[in-house]
Amino acid sequence: MSDTALRTPFPERAGAALKDAFLQEALTIATTKFIDLRKESFAGFPQGEALRDRARAIKEATLQHLDAHLERLADNVERLGGTVHWAASADEAREIVLRLCRDRGVRMAVKSKSMATEEIDLNEALEHAGVTPVETDLGEYIIQLAHEKPSHIIAPAIHKTKGQVAELFSRELRGEFPPDPEVLTAVARKALREKFLQADMGITGANFAVADTGTVVLVTNEGNGRMVTSLPRIHVALMGIEKVIPSMSDLVVFLAILARSATGQKLSSYTTLVRGPRRAGELEGPEEFHLVLLDNGRSRQIASTLREALYCLRCGACLNVCPVYRQIGGHAYGHTYPGPIGILLTAMLKGNESVRELAHASSLCGACKDVCPVRIDIPRMLIELREHLDREKIAPWTERVVFRALRRLLMSPGAFRLSATTGRWLQAPFVRDGRLRGLPFLFAKWTRTRDLPPVASRTFRERWKELR
Amino acid sequence: MTARAEFLDRIRREVAKTPGLFGASTAPRPAQPAAAAETVRRELAERWPQALDRFQLEFELVAGVFHRVRDLEAVPGVIARIARERGAEKLVTWDPAALGFDAGPALARDGLTVVAARAGQEDEASRRRHRADAADAQIGVTGADLVLAETGTLILLSGSGRPRSTSLLPDVHVAVFGRERLVETLEQVGVMLEALHVDPERSMSGAMINFITGPSRTADIELTLTRGVHGPKEVHAIFVETP
């Protein structure tokens, strides 16, 4: 997301999204459909709950020996003839890919959908260096042509209508295309087929990497993941360090729940296991395979508040059920990763300061935790994150003052009793239809978008005395 | 750039700081993968008819087209019919040795052009020729190394004479398999993959394994399901009864 977009405060970005009638409709349709598909898929899969527990345990167990698993992964990738690169930061990751392009005279790179490359703004860097990056996932291709950013982790272009896509393709690909998804998909197939055959480099992320065998695993539906790992002469896979898992036995556990959580499929159309560059005797496949291991703030959280966010599989299920995401969509969050998990990942990658406002973009209802395939306790971490914002004085001073006062009040029975009595007559001018509305001063921001129940005419404590 | 040692040291320091959120273990792994795989095969030797029924059900649910023939002699006839119905003229196939049969002569009699990959041909000219052939063929014919019943999935290993794009570039993918390829669950696939990787010969054969579950699909434009985005629009599985 560009800096200009982020200069608009979050409440205004969210406000704009709320006024966008088309976005509202698209979000409702998409998220509702994803929720239903997921629900249906798990309903017919009784072992799913146990597999989710197992998957969670695997992620935790792997983190407890993350260094050893990464070493094993790297050794095995090298044994298979691949090259491993270690990128501590986004800058380093970009530089590694750019240097590969420079040294090998790469002019065009085809990309399979990868949030990690979004995270490091790789496309801008490639363009700047004279390399044309071509996104090949249909949704990503659409938003690349439109110069936009993904609005959903697994459905990047859900904010666009078929009419808009038809217009975009007609303009960018020179033709007259009707607003028919079938036709538009065929148009993209033809345009991208040429790119697959011409490109020098294929760039992918990784859904998993199996330490034991040095295997990078890609899960896709369109087949672009297979194209970019089979046709160009160089394959570069970029992955966050938390994607490593120990063995093939672990992999099948994740495969059983990933697609169900994301799209309700039993498996996605393609699960591609890449074991280094092509072997002797193979007609196809890259001559070179490079694995870029990206830290970029992740290791800092291993022993910190956001540890559990390192379990994330990027399935998008928590976005679909989040009452905030469902209202404002991905763009309003303003960062690579939207939704409830996105707030935590943004804090992880860009620091607490970057989520000063977003940390509150959650009702803490817990729906995200319920659907997360690895049961990440997102609400707990959001609360802890808010606590950090307060302690590190990142939260606005008004908010900190109000909550400090509230804390005092709740800790002293005398003060609490007194506040009920005074509250009862102070509130009188602000009670309308039985709710507290339009409070003054520091409280105005709260009641601008919410109301409160007033202090009762007889409080529970007063009634309790009589009842005894 | 950060050196490997420095990168891993940082992680090691962080890992050492915390005991972890809870005691956890990874998935149990077969102590003897080869023996465990043999057990799976023995079980399936009995249970293959149930596995096949389940495969057919799941495969059709993901829009696969299932065919069943008595023996290998009948396979070219099915392929020829698929080609005729789609007006296809050119086919690419795996090496007949990898497929277990040679459909070429029979299909050629039907007026179809059949280009078979040949194991051992890997010079630059062969590569270019193969890519051009796969890009213009309408049908690609492969075998399947494992056929997973519970999800309707074909699992293909790449290798010599088994090009990756045969099942990817043509509009129609046809996979031919026998009962010995069937497994029932993803867990069994895990066992087979563990076994594959301890078998030095097979683990080094090709660099790619693909799980194929139905045709290429997308729902990226207004969530409308559309088939054949980049990969095949249709996937056929031909089950051959007699091994």
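Protein chains in written order, with this note's numbering: chain H, 11 to 478; chain A, 2 to 244. Even glycine gets a Cβ: it sits at the ideal position worked out from N, Cα and C.
Item to check | Check whether H:His95 and H:Ala221 have beta carbons under 7 Å apart | outcome: Within the first sequence, numbered from 1, the residue matching residue 95 of chain H stands at position 85. Within the first sequence, numbered from 1, the residue matching residue 221 of chain H stands at position 211. No, the Cβ-Cβ distance between H:His95 and H:Ala221 is not below 7 Å.
Next on the checklist: Does H:Gly250 pass the burial test, meaning 16 or more other C-beta atoms within 10 Å, or should it be called exposed?
Outcome noted: The sequence position of residue 250 of chain H within the first sequence is 240, counting from 1. H:Gly250 should be labelled buried.
Checklist entry - Counting along the chain, where does the beta strand (DSSP E) carrying A:Asn211 start and finish? => result As a working mapping, residue 211 of chain A is identified with position 210 in the second sequence. Its beta strand (DSSP E) spans residues 209 to 213.
Item to check | Amino acids of chain A, ordered along the chain, whose beta-carbon sits closer than 9 Å to that of H:Ser364 | outcome: Numbered from its first residue, the first sequence carries residue 364 of chain H at position 354. Per Cβ cutoff of 9 Å: no residues; H:Ser364 is ~21 Å from chain A at best.
Next on the checklist: Is the beta carbon of A:Ala196 closer than 7 Å to that of A:Ala35?
Outcome noted: As a working note, residue 35 of chain A is residue 34 in the second sequence. As a working note, residue 196 of chain A is residue 195 in the second sequence. For A:Ala35 and A:Ala196, yes; Cβs fall inside 7 Å.
Item to check | Helix, strand or coil at H:Phe187 according to DSSP, with G and I counted as helix | outcome: Indexing the first sequence from 1 puts residue 187 of chain H at position 177. Note: H:Phe187 maps to coil in three-state DSSP.
Checklist entry - From H:Leu132 to H:Arg104, what distance separates their C-alpha atoms? => result Sequence index remark: in the first sequence, residue 132 of chain H carries index 122 (1-based). Sequence index remark: in the first sequence, residue 104 of chain H carries index 94 (1-based). Approximately 6 Å, taken between the alpha carbons.
Checklist entry - With a Cβ-Cβ cutoff of 7 Å, do H:Ala371 and H:Ala27 count as a contact? => result Residue numbering aside, residue 371 of chain H sits at position 361 when the first sequence is read from its first letter. Residue numbering aside, residue 27 of chain H sits at position 17 when the first sequence is read from its first letter. No; because the gap between Cβ atoms is not below 7 Å, this pair is not in contact.
Next on the checklist: Could you check whether H:Ala216 and H:Leu83 sit closer than 7 Å to each other, using their CB atoms as the reference points?
Outcome noted: Position 73 of the first sequence, counting from 1, holds the residue named residue 83 of chain H. Position 206 of the first sequence, counting from 1, holds the residue named residue 216 of chain H. Taking 7 Å as the Cβ cut-off, H:Leu83 and H:Ala216 do not qualify as a contacting pair.
Checklist entry - So is H:Ile164 in contact with chain A if we call contact Cβ pairs under 7 Å? => result Walking along the first sequence from the start, residue 164 of chain H turns up at place 154. False, the Cβ-Cβ gap to chain A never drops below 7 Å.
Checklist entry - Roughly how many angstroms lie between the CA atoms of A:Pro201 and A:Gly207, to the nearest whole one? => result Sequence index remark: in the second sequence, residue 201 of chain A carries index 200 (1-based). Sequence index remark: in the second sequence, residue 207 of chain A carries index 206 (1-based). Roughly 12 Å between the two C-alpha positions.
Checklist entry - Apart from the five residues just before and just after H:Phe52, which ones in its own chain have a Cβ nearer than 7 Å to its Cβ? => result Position 42 of the first sequence, counting from 1, holds the residue named residue 52 of chain H. Hits under 7 Å: Gly58, Arg270.
Checklist entry - If you drop the 5 nearest sequence neighbours on each side, which residues of the same chain put their C-beta closer than 8 Å to that of H:Thr127? => result Counting from 1 along the first sequence, the entry for residue 127 of chain H is found at position 117. Closer than 8 Å at the Cβ level, and outside the excluded window around H:Thr127, lie Lys121, Asn133, Ile213, Gly215, Leu248.
Item to check | Pair within 7 Å by beta-carbon distance, A:Val190 and A:Ile239 | outcome: For the purposes of this step, residue 190 of chain A is taken as the residue at position 189 of the second sequence. For the purposes of this step, residue 239 of chain A is taken as the residue at position 238 of the second sequence. No.
Checklist entry - Considering only C-alpha positions, which residue in the set H:Asn234, H:Val246, H:Leu207 is nearest to H:Val226? => result To locate residue 226 of chain H, count along the first sequence from 1; it is residue 216. When only C-alpha atoms are compared, the closest one is H:Val246.
Checklist entry - Listing by chain order, which chain A residues have their CB less than 8 Å from the CB of H:Asn330? => result Position 320 of the first sequence, counted from the first residue, corresponds to residue 330 of chain H. Those do not exist, as H:Asn330 stays about 12 Å from chain A at its closest Cβ, beyond 8 Å.
Checklist entry - Can you list, in chain order, the residues of its chain whose CB lies under 8 Å from that of H:Ala209, leaving out five sequence neighbours each side? => result Along the first sequence, one-based indexing puts residue 209 of chain H at 199. Met118, Ala119, Val120, Val144, Val238, Leu241, Pro242.
Item to check | Any alpha helix (DSSP H) of 4 or more consecutive residues that is wholly inside the region 81 to 115 of chain H | outcome: 100 to 113
Checklist entry - DSSP state of H:Tyr280, grouped into three classes? => result Within the first sequence, numbered from 1, the residue matching residue 280 of chain H stands at position 270. Note: H:Tyr280 maps to strand in three-state DSSP.
Next on the checklist: Going residue by residue through the region 227 to 275 of chain H, where are the continuous beta strand (DSSP E) segments of at least 3 residues, counting only ones entirely within it?
Outcome noted: 244 to 250
Item to check | Cβ separation of H:Ile153 and H:His162, assumed to be a contact under 8 Å, to the nearest whole Å | outcome: Reading the first sequence from its first residue, position 143 is the one you call residue 153 of chain H. Reading the first sequence from its first residue, position 152 is the one you call residue 162 of chain H. Not a contact, Cβ separation roughly 11 Å.
Checklist entry - DSSP three-state call for H:Ala24: helix, strand or coil? => result In the first sequence, the residue the question calls residue 24 of chain H occupies position 14. Helix.
Item to check | A:Leu224: contacting residues in chain H (beta-carbon distance under 8 Å) | outcome: Taking the second sequence and counting its residues from 1, the one referred to as residue 224 of chain A is at position 223. Simply Ile39, Ala40, Lys43, Ala165, Ile168.
Checklist entry - So, helix, strand or coil for H:His75, using DSSP? => result By 1-based counting over the first sequence, the position of residue 75 of chain H is 65. Coil.
Item to check | Top-ranked residue by Cα proximity to H:Thr457, from H:Leu61, H:Thr469, H:Val441 | outcome: Looking up residue 457 of chain H in the first sequence gives position 447. Per the Cα distances, H:Val441.
Checklist entry - Would you say A:Ala196 reaches chain H, if we count a Cβ-Cβ gap shorter than 7 Å as a contact? => result Translated into the one-based positions of the second sequence, residue 196 of chain A becomes position 195. Judged by the 7 Å Cβ criterion, A:Ala196 is not in contact with chain H.
Item to check | Within chain H, the residues that A:Ile140 reaches when beta carbons sit closer than 9 Å | outcome: Working through the second sequence from its first residue, we reach residue 140 of chain A at position 139. Those within 9 Å of A:Ile140 in chain H number zero; the least Cβ separation is about 16 Å.
Next on the checklist: So for H:Asp13, helix, strand or coil by DSSP?
Outcome noted: Your numbering for residue 13 of chain H matches position 3 in the first sequence. Residue confidence for H:Asp13 is low, a pLDDT of 46 falling below 50, so the modelled location carries little weight; the figure read from the coordinates is stated next. In this structure, H:Asp13 counts as helix in the three-state DSSP scheme.
Checklist entry - Residues of chain A with CB under 8 Å from H:Tyr335, in chain order? => result The sequence position of residue 335 of chain H within the first sequence is 325, counting from 1. Neighbours of H:Tyr335 on chain A: none; closest Cβ ~16 Å, over 8 Å.
Checklist entry - To which residues of the same chain is A:Phe60 closer than 7 Å at the C-beta, ignoring the five residues directly before and after it? => result To locate residue 60 of chain A, count along the second sequence from 1; it is residue 59. Result list for A:Phe60: Phe67, Gly153, Ala238, in chain order.
Item to check | Run of the beta strand (DSSP E) containing A:Glu181, from where it starts to where it stops | outcome: Mapped onto the second sequence, residue 181 of chain A falls at position 180. From DSSP, A:Glu181 is part of no beta strand (DSSP E); its letter is neither H nor E.
Next on the checklist: Would you say A:Val230 lies against chain D (beta-carbon separation less than 7 Å)?
Outcome noted: No chain D appears in the structure shown, which is made up of the protein chains H and A.
Checklist entry - Which of helix, strand or coil does DSSP assign to A:Leu155? => result Your numbering for residue 155 of chain A matches position 154 in the second sequence. Of the three classes helix, strand and coil, the one that applies to A:Leu155 here is strand, per DSSP.
Next on the checklist: For H:Lys121, report the span of its beta strand (DSSP E) as first-last.
Outcome noted: To locate residue 121 of chain H, count along the first sequence from 1; it is residue 111. Looking at the DSSP string, the run of the beta strand (DSSP E) that includes H:Lys121 is 118 to 121.
Checklist entry - Can a CB atom of chain H be found closer than 7 Å to the CB of A:Phe178? => result As a working note, residue 178 of chain A is residue 177 in the second sequence. It does not: the Cβ of A:Phe178 has no partner Cβ on chain H nearer than 7 Å.
Checklist entry - Exposed or buried, H:His138, counting other C-beta atoms within 10 Å across all chains shown (16 or more means buried)? => result Numbered from its first residue, the first sequence carries residue 138 of chain H at position 128. Answer is exposed; the Cβ neighbour count stays below 16.
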